[in-house]
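Novice:
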Amino acid sequence: KRSFKKRNAGRDEPQGVVWPKTKSGDRSSMATNRGILAAAAAAGPGAMEAASKISEEKKWRFAYKKHVLDHVTQSLQSPDACLAMARAGLEAAQTSFRFLREGHPEMSMKDAMEKLGEDIFDTAELKGEQSSPSKHELTLSYGAPMLGKPYYQFEKQRKNKISGTKLREQLDKWVEYGTLEPDVADALKTLQMKQGDWLDLSDMHFVLLGAASAMGPLTFLLSLGANVVAVARPGALRGILDKAKDSPGKLIFPVQKGVDWKGMVAKQDFDALAKASGCDLLTQAPEIAAWVCSVAPGKRLTIGNYTYLDGALHVQIAVACDCIMQRLCAERKDTAVAFLGTPTDAHVVTKGAAEAAVAAYEKAPLWMKLWEAAGVLQQNKPRTVGNLHFMDSIVP
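Spelled out as C-alpha cells, the structure:
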C-alpha cells in the first residue's frame, strides 16, 4: 500500500467515474464492492443478517465467492426478492461511485447524471452504400470439425458459412454434442423459417455502448440494414465509419456542436469526421445519456453494453453504462436492454444444462482430474434453489 501511495503521490486524479475514497484516503475497490453487495443483500430475504455477514467478512479478497453464491441463492427465492436486491445494488453502486469534473465539486454518479448532462452533441448520420439484399438468409460461420487440430488451421476456414438444410443438420449435431441447449437450436430454426421478415432490420434501432467492441454485434447489425447508434471514442469511431459505409445499414453517432458533418460525409473525409465525433463513456456519461435520449424520436431503442476494460476500470465503465441505460429506460419506457455477459460467473441455467455439467465432469479425462487436484482447474458446480438451478462458474 505504501508503494502504491508513493507512486500516486502528487498525481492529478483522473476525471469522470472514479471509485469512492475510503477512511484512509485511497480509492478502494474492495471496500466498495463489499458495500454494494451488502446493500443488495439487505433488500433480500436474508435482510440485515445476510448484509452483516458480508460487511463483517475479514478476508474479502479470498472469501468473496461464497458471498456471491449466497447472494444468487437469496435472489432466487422469489421474483420480488430478485428485483428488490437488484434495484438496491444498482442504487448503492450509483450513490457510492463518484464523478469528478474540473470546475465542479466531487459528487455521486447519481447526482452527476441529474445535475450535469449539457447538450453538447449534434447527431450525425452515415448511410451505407450497399443495397439491402433481395433475399435474407440465415447463415452461421462454421469451419467444420477440427477436433485435435490446432486453432490456426481453423482460422483459415472461419469465414465458411452454412445455411439451409446443412445449418439445420448442424444445429441438431451441436445439440447432440452438448454444444447447444435444445431451446437455442429451436430458436435458430424458428428464425430460419421466418428469415425473410425477421432478418430485415431496417426499421430497428440499436444503441451500442462500446460500439467498436470485438465481441459486439456492430458488423452483424449493419449487414442486416439496422440503424446503429454508435457510442465510441473518436479513434474507435474511425474504423466504424468504414464498416458502415460498406454496408446496407445506417450509422448514427454523436458529433461536436457546430461541426459541418454533412460536408465531411459528402467528401468522405472520415479522418476529420472521426476527430470531431465520438465521446468518452468514463468522462461524459451524463452528456451521452442526454444525447442518446434524443436520438431517433418516436422509435423504439434497444440499448446494449459491450464495453470492456482491464481491472477496476471495467467496473467504472460498467457503472457509467448502467447509469446511461437507466436514464434511457426512464425517459423512453419502451426501451429494450441487451447485455454481453461473462461465462465466469454464477448464472441461472436449465435443469438439463445442470445435469449436462455434472455428466461432463464425471467423464472428464485423467489429465483434467490431475490439474484439478493441483488446484489449477475446478469444477463448475450446479446448485439448486427450489426448482431453479444455477452454476458456480466463478473464477476467483
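Here the sequence shown is numbered in the numbering used here, starting from 694 and rising by one per residue. Backbone N, C-alpha and C define an ideal beta-carbon position, used for all residues, glycine too. All of these numbers come straight from a predicted model, not from anything done at the bench.
1) Find the nearest neighbour of Phe814 within the set Ile945, Thr1043 and Cys1022, judged by alpha-carbon distance.
2) Taking 8 Å as the limit between beta carbons, can you name the residues of its chain near Leu892, skipping five residues before and five after?
3) For the candidate residues Gly709, Pro772, Lys1056 and Asp973, whose alpha-carbon lies nearest to that of Lys803?
4) Have a look at the DSSP bridge pairing and note the partners of Ala1057.
5) Let me check understanding here. Comparing Cα to Cα, which of Phe899, Leu915, Glu799 and Glu1048 lies closest to Pro707?
6) Taking 9 Å as the threshold (C-beta atoms), are Ala989 and Asn920 in contact?
7) Relative to the C-alpha of Lys938, which residue among Leu873, Leu1021, Pro947 and Ala959 is closest?
8) Asp1015: buried (16+ other C-beta within 10 angstroms of its C-beta) or exposed?
9) Determine, using beta carbons only, whether Val1088 and Thr1037 come nearer to each other than 9 Å.
10) With a Cβ-Cβ cutoff of 9 Å, do Gly971 and Ala929 count as a contact?
11) Nearest to Ser856 by alpha carbon, out of Gln888, Asp876 and Glu869?
12) Pull up the DSSP beta-bridge partners for Lys943, would you.
13) Given this structure, state the Cα-to-Cα distance separating Phe899 from Cys1022, to the nearest angstrom.
14) Does the distance from the C-beta atom of Leu901 to that of Leu914 stay below 9 Å?
15) Keeping to the same chain, check which residues put their C-beta closer than 6 Å to that of Gly903; ignore five residues upstream and five downstream.
16) Pick helix, strand or coil for Met800, following the three-state DSSP scheme.
17) Tell me whether Gly797 is buried or exposed, calling it buried when 16 or more other Cβ atoms sit within 10 Å of its Cβ.
18) Considering just the uninterrupted stretch of the alpha helix (DSSP H) at Pro772, what are its terminal residues?
19) Determine the closest residue to His760 out of Leu809, Leu776, Ala732 and Glu980, with distance taken between C-alpha atoms.
20) What are the start and end residues of the beta strand (DSSP E) that includes Ile996?
21) Between which two residues does the beta strand (DSSP E) carrying Lys852 extend?
22) Within the same chain, show all residues whose beta-carbon is closer than 7 Å to that of Thr912, passing over the 5 residues directly before and after it, in chain order.
23) Thinking just about the alpha-carbon of each residue, which of Met1084, Arg1076, Ile1017 and Ala1052 is nearest to the one in Gly810?
24) Roughly how many angstroms lie between the CA atoms of Lys820 and Arg1076, to the nearest whole one?
25) For Val711, I'd like the list of residues in its chain whose CB is within less than 8 Å of its CB, leaving aside the five on either flank, ordered along the chain.
26) Just to check my reading of the structure: Gly997 and Phe1032 have Cβ atoms closer than 8 Å, yes? What is that Cβ distance to the nearest angstrom?
27) What three-state label does DSSP hand Ala1029 in the structure shown?
Specialist: In terms of the structure at hand:
1) Numbered from 1 along the sequence shown, position 121 holds the residue referred to as residue 814. Closest option to Phe814, Cα to Cα, is Ile945.
2) In the sequence shown, the residue the question calls residue 892 occupies position 199. Excluding positions up to five away in sequence, the list reads His829, Glu830, Leu831, Leu884 and Leu917.
3) Sequence index remark: in the sequence shown, residue 803 carries index 110 (1-based). Answer by Cα proximity: Gly709.
4) Residue numbering aside, residue 1057 sits at position 364 when the sequence shown is read from its first letter. Answer is none; Ala1057 lacks a bridge partner.
5) Within the sequence shown, residue 707 is the residue found at index 14, counting from 1. Relative to Pro707, the option among Phe899, Leu915, Glu799 and Glu1048 whose CA is nearest is Glu799.
6) As a first step, residue 920 is located in the sequence shown; it is residue number 227 there, counting from the start. As a first step, residue 989 is located in the sequence shown; it is residue number 296 there, counting from the start. It is a contact, given that the beta carbons lie within the stated cut-off.
7) One-based indexing of the sequence shown puts residue 938 at position 245. Cα-wise, what sits closest to Lys938 is Ala959.
8) As a working note, residue 1015 is residue 322 in the sequence shown. Asp1015 comes out buried.
9) Here residue 1088 refers to the residue found at position 395 when the sequence shown is read from its first residue. Here residue 1037 refers to the residue found at position 344 when the sequence shown is read from its first residue. In this structure, Val1088 sits near Thr1037, with a CB-CB distance shorter than 9 Å.
10) Locating residue 971 in the sequence shown gives position 278, where the first residue counts as 1. Locating residue 929 in the sequence shown gives position 236, where the first residue counts as 1. Yes, these two residues count as a Cβ contact at 9 Å.
11) Your numbering for residue 856 matches position 163 in the sequence shown. Per the Cα distances, Gln888.
12) One-based indexing of the sequence shown puts residue 943 at position 250. Paired residue(s): Lys820 and Asn920.
13) Here residue 899 corresponds to residue number 206 of the sequence shown, with the count starting at 1. Here residue 1022 corresponds to residue number 329 of the sequence shown, with the count starting at 1. For Phe899 and Cys1022, the distance between alpha carbons rounds to 14 Å.
14) The residue labelled residue 901 in the question sits at position 208 within the sequence shown. The residue labelled residue 914 in the question sits at position 221 within the sequence shown. Contact flag set, yes.
15) Here residue 903 is taken as the residue at index 210 of the sequence shown, counted from 1. When the five nearest sequence neighbours on each side are left out, the beta carbons in the same chain lying within less than 6 Å of the beta carbon of Gly903 are those of Tyr999 and Thr1000, in order along the chain.
16) Here residue 800 corresponds to residue number 107 of the sequence shown, with the count starting at 1. The answer is strand: DSSP assigns Met800 an E or B state.
17) In the sequence shown, residue 797 corresponds to position 104, counting from 1. Going by the sequence as given, residue 797 is His instead of Gly. Residue environment for His797: exposed (fewer than 16 other C-beta atoms within 10 angstroms of its C-beta).
18) Translated into the one-based positions of the sequence shown, residue 772 becomes position 79. Unbroken alpha helix (DSSP H) run through Pro772: Pro772 to Ser789.
19) Stepping through the sequence shown from its first residue, residue 760 is reached at position 67. When Leu809, Leu776, Ala732 and Glu980 are compared, the shortest CA-CA separation from His760 is found for Ala732.
20) Within the sequence shown, numbered from 1, the residue matching residue 996 stands at position 303. From DSSP, the beta strand (DSSP E) with Ile996 extends over Leu994 to Asn998.
21) For the purposes of this step, residue 852 is taken as residue 159 along the sequence shown, with counting starting at 1. Lys852 -> no beta strand (DSSP E), and no H or E assigned at all.
22) As a first step, residue 912 must be located in the sequence shown, where it is residue number 219. Cβ neighbours of Thr912 beyond the five flanking positions: Lys936.
23) Position 117 of the sequence shown, counted from the first residue, corresponds to residue 810. Closest by alpha carbon: Ile1017.
24) The sequence position of residue 820 within the sequence shown is 127, counting from 1. The sequence position of residue 1076 within the sequence shown is 383, counting from 1. Roughly 49 Å between the two C-alpha positions.
25) On the sequence shown, residue 711 is found 18 positions in, with the first residue counted as 1. Only Arg720, Phe790, Arg791, Phe792, Leu793 and Gln1009 meet the Cβ criterion.
26) By 1-based counting over the sequence shown, the position of residue 997 is 304. By 1-based counting over the sequence shown, the position of residue 1032 is 339. Taking 8 Å as the upper bound for CB-CB distance, Gly997 and Phe1032 are in contact here, some 6 Å apart.
27) As a working note, residue 1029 is residue 336 in the sequence shown. Strand.
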